[in-house]
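**Q**
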Amino acid sequence: MELNEALRRIVIGHWRLLVMFTLLPVMVIGALQLRSAPLYTASARVQASSTPPSTTTEADAVLNRAQGIATSTTAVQKALEQAQVTDRSVANVVHEVGVSRIGTSSVLNVTVTDRDPKVATAVDSALAPQLVNLLNGSTNTSLVSQLTAQENTLLAQRTQTAAQLALAQSATATAKLAAELSTIDQQLSDLQATLRQVQSTGLGTNTATVVSLASGAVSARSSLATDLGLGALLGLVAGLLTATVLEVVRPRVADAGAFSREVGAPFLGHLVLRGGKKQPQLMVPPETLVVAKRAVAHGRIDTIVLTGPAPSGQLQLIALQLENHLTSGSTPVSAAMGRSSWNGSDPSGGGRGPSDSADGSHELDGSRELAWAGQTPVLEASPVLDPSDLALPRPVRVLALSDVDDVSDWCRHGLLVLVPDLASYSEARRIRHLIAVTGWPVIGVLGTSWSRRRAREQSRQA
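For the sequence shown, the working numbering assigns the number 113 to the initial residue and increments by one for each residue that follows.
1) Do ALA268 and LEU293 have their C-beta atoms closer together than 8 Å?
2) So, is VAL231 buried or exposed, given that buried needs 16 or more other C-beta atoms within 10 angstroms?
3) Just reading off the beta strand (DSSP E) that TRP562 is part of, what are its end residues?
4) Residue range of the beta strand (DSSP E) that ARG386 falls in?
5) Whose CA, out of GLN196, LEU266, VAL224 and LEU325, lies closest to the CA of ASP302?
6) Please say whether GLN159 and THR354 have beta carbons closer to each other than 8 Å?
7) Please classify ARG128: is it buried, with 16 or more other beta-carbons within 10 angstroms of its beta-carbon, or exposed?
8) Just to confirm, is the Cβ distance from LEU528 to VAL375 under 8 Å?
9) Less than 7 Å separating the Cβ of CYS523 from some heavy atom of the ligand MN?
10) For VAL89, count neighbouring C-beta atoms within 10 Å of its own C-beta (all shown protein chains included) and say buried if the count is 16 or more, exposed if not.
11) Only counting the same chain, and skipping five residues up and downstream in sequence, which positions put a Cβ closer than 8 Å to that of LEU401?
12) So what does DSSP say about PRO137, is it helix, strand or coil?
13) Distance check for THR167 and LEU175, CA to CA, integer angstroms please.
14) So the alpha helix (DSSP H) LEU342 belongs to, where does it begin and stop?
15) Whether or not the stretch 180 to 192 and the stretch 343 to 357 are in contact is what I'm after, with contact meaning three or more pairs of Cβ atoms, one per stretch, closer than 8 Å; do they touch?
16) Skipping 5 residues on each side, what residues in its chain have a beta carbon closer than 8 Å to that of VAL219?
17) Between THR225, ILE141, ASN248 and GLN298, which has its C-alpha nearest ALA154's C-alpha?
18) Tell me, which residues are paired with GLN159 by DSSP?
19) Rounded to the nearest angstrom, how far is the Cβ of VAL222 from that of LEU239, given a contact under 8 Å?
20) Considering LEU394, what are the terminal residues of the beta strand (DSSP E) in which it resides?
21) Mapping the DSSP letters down to three states, classify PRO532 as helix, strand or coil.
22) Is PRO165 buried or exposed, if buried means 16 or more other CB atoms sit within 10 Å of its CB?
23) Excluding the 5 residues preceding and the 5 following GLY140 in the sequence, name in chain order all residues of the same chain whose CB lies nearer than 8 Å to its CB.
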């Protein structure tokens with residue numbers, strides 16, 4: 113199977129399904145956006161560090177750190193208190209806070225979305241300074257707290273040891289407690305030096321600043337087009353997957369050309385059906401008519417048997433109209449023999465043959481009936497036929513498969529298959545079985561398509 117046939121089966125054969133899958137998410141997203149209250153977004157800008165990140169990984173680390181602080185309940189709670197907003201839940205506001213990075217820099221956009229533009233502006237303007245304060249103090253707060261706790265513990269141990277040293281009575285106990293006190297003093301000295309260094313330098317990270325506060329809120333509907341596009345794309349992908357599964361479960365044949373390859377028959381062309389499906393009007397293109405006539409003459413077919421998957425229930429009407437098209441301009445075999453020259457007649461052609469009547473008509477008794485039966489008439493004088501007369505088309509019958517008389521009809525039958533686009537693959541198997549069982553030669557395959565043009569255009573093209 114070629115790629116264009118697969119696309120024809122999946123895309124064109126299931127275009128209604130694809131349109132439905134594409135439009136359904138678009139309509140759902142549009143309906144949800146129209147029913148929901150309009151949202152507004154306020155944006156402030158902060159610089160998380162004065163030192164620019166050297167790699168994307170460092171920039172992501174700065175963003176993740178700021179995002180974790182800005183979406184914490186502590187930061188949001190303090191921002192709501194500063195903005196004096198009391199009718200908003202902290203948990204709901206946390207989900208409406210966003211932090212995005214500008215390129216690979218340490219400059220961040222802090223956004224707050226709310227149904228009230230004033231509330232969004234106030235909360236965002238309070239959250240940005242809160243984020244900066246936490247960024248500046250979040251690095252060394254835990255370390256300072258830990259060092260302070262250790263200092264308090266050592267001071268308590270020193271006080272206890274000093275009290276024990278004062279009450280010591282033996283020289284051994286006094287020496288031991290003096291050594292412990294000296295060790296504690298050394299630890300306290302080192303710890304206090306480390307604590308002073310941390311508090312003075314802040315590890316070099318207390319450089320976060322507010323670049324600009326939110327000056328106003330804008331509508332958040334700007335992303336509607338993006339949401340609709342993504343919804344349509346996802347729906348189209350889902351539709352293609354569904355159509356592919358359907359084609360695997362119930363395979364079809366792309367068109368009449370592919371059907372002819374499946375059954376091993378020649379492709380003759382297309383037929384056009386116009387009008388209503390109850391009374392179809394058959395239009396045969398001239399090229400298709402010529403090819404069909406020559407195919408019938410080449411196979412010396414007397415009766416054409418129509419079959420195929422479609423149009424369903426209308427093969428009898430199509431057979432009658434197709435017979436009229438095929439027999440138009442045809443000449444019976446008896447008439448062709450009557451027009452031939454006889455041995456011993458006038459070479460100039462002026463004299464009549466032995467069977468010519470007075471009015472110039474030919475009288476070959478029973479020749480027409482014998483021609484229909486596929487037999488050759490027996491004459492008293494053997495005629496010599498002109499080779500051009502042998503090429504004249506013979507009259508043929510066209511019957512639907514259900515109308516064939518399989519008892520008394522012993523004419524030479526030929527099978528003509530009418531196939532619409534996207535026929536079921538099971539029909540191809542049925543045609544192959546029919547050919548094998550009947551032994552009829554296959555004339556060819558004709559594609560059928562419906563056209564709904566006016567009768568005036570039909571008569572003009574006819």
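Built from N, CA and C at the ideal position, the CB exists for glycine as well.
**A** Quick look at the numbers:
1) no
2) buried
3) 554 to 563
4) 379 to 386
5) LEU266
6) no
7) exposed
8) no
9) Among the ligands in the structure shown, none appear at all, so the ligand MN cannot be discussed.
10) Here the chain comprises residues numbered 113 to 574, so residue 89 is not present and cannot be evaluated.
11) HIS437 and LEU438
12) helix
13) 13 Å
14) 336 to 361
15) no
16) ARG157, VAL158, GLN159, ALA160, ARG213 and VAL323
17) THR225
18) VAL219 and THR321
19) 6 Å
20) 393 to 395
21) strand
22) buried
23) The displayed chain sequence assigns Val, not Gly, to residue 140. Taken in chain order, the residues that qualify are GLY343.
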